[in-house]
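Working notes, beginning with the structure itself.
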Amino acid sequence: MTNIHYFYDPMCGWCYGASSLIQAIEENPNLNLIFHPGGMIEKSALSEHFKQHILAADPRIAALTGVKFGENYTTRLRTSNEFVVDSMLTTKAILCAQQLGVSSYKMLKAIQQAHYVQGLEVYKLEELHKLVQQFDIDDSKWLELMASEETERLLDETINQSHLLMRELHVSGYPTLIAEREDSLMKLPHEQHYGRINDWKSYLTSI
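Numbering (the numbering used here), first residue to last: -3 to 203.
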């Protein structure tokens, strides 16, 4: 079994762009996908300059990777007085769902679809709660976990551990994928496989 360490953020557009590559790892029985959230953006309204940067970057992400950005999402970026993002709450939602048996991959995918395709306000607890209800879990328990001090400590510890590992492995951005097998580490050149999913699957088999 080969471990694949995935450094990511739910609010990272390029991580959304890499979603089909991540799915291929998740579906490969010989690979163990380990998620390392980075806590990229604490809850805040994006500046107009940053919104324009995203609007310029998204078409390039779409062209390279084949992902779709929904009209509602783009309209919110163009017209909303405030476009709020929150890496912390969305990451906490993933950690809480994981504790109840939902894989990090499935919860991350649900958040990315809600944000980038449907244009939903996933910085709000009530929107994340709706996403959780698609899974066969006790969503009231999920709400309890989201509100607990223990979960807040878990969130801080998880992000701090990610940052420590990023420094140790010289990871500088998201998404980054590093394969670990026995005592060897190897950064995966996922950028070379955007839009080439069959080649990517063959590459994963080779490692």
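Ideal Cβ placement from N, Cα and C applies to all residues, glycine included.
With distance defined between alpha-carbon atoms, name the residue in the options nearest to residue i.
i    : options               : result
L151 : W10, Y190, F31        : F31
G115 : G66, V128, L161, K102 : G66
S99  : Q19, P185, K197       : Q19
Y2   : L139, I50, L161, S76  : L161
W196 : G35, L173, M(-3)      : L173
E153 : M84, W10, A53, I57    : M84
E148 : D134, I90, A52        : I90
D135 : S144, V113, L96, Q108 : L96
With a threshold of 16 other CB atoms inside 10 Å of the CB of residue i, please say whether the residue is buried or exposed.
i    : result
D132 : exposed
D82  : buried
A93  : buried
D179 : exposed
T201 : exposed
Which same chain residues end up closer than 8 Å to residue i when comparing Cβ atoms and leaving out the 5 residues on each side of it in sequence?
i    : result
Q130 : A106
E117 : V80, E123
Below 8 Å on the Cβ atoms is my contact criterion, and I expect residue i with residue j to pass it. Report the Cβ-Cβ distance as a whole number of Å.
i     : j    : result
N(-1) : E176 : 4 Å
V63   : Y12  : 6 Å
K39   : Y170 : Rounded, the Cβ-Cβ distance is 18 Å, inconsistent with contact.
P6    : T71  : The Cβ separation is near 21 Å, so there is no contact.
V125  : L104 : In the sequence under discussion, the amino acid at residue 125 is His, which differs from the Val named in the question. Wrong, their Cβ atoms sit about 16 Å apart, outside the cutoff.
Spatial neighbours of residue i within its chain, please: CB distance less than 7 Å, with the 5 preceding and 5 following residues excluded, ordered by chain position.
i   : result
W10 : I57, Y170, P171
I50 : G9, L73
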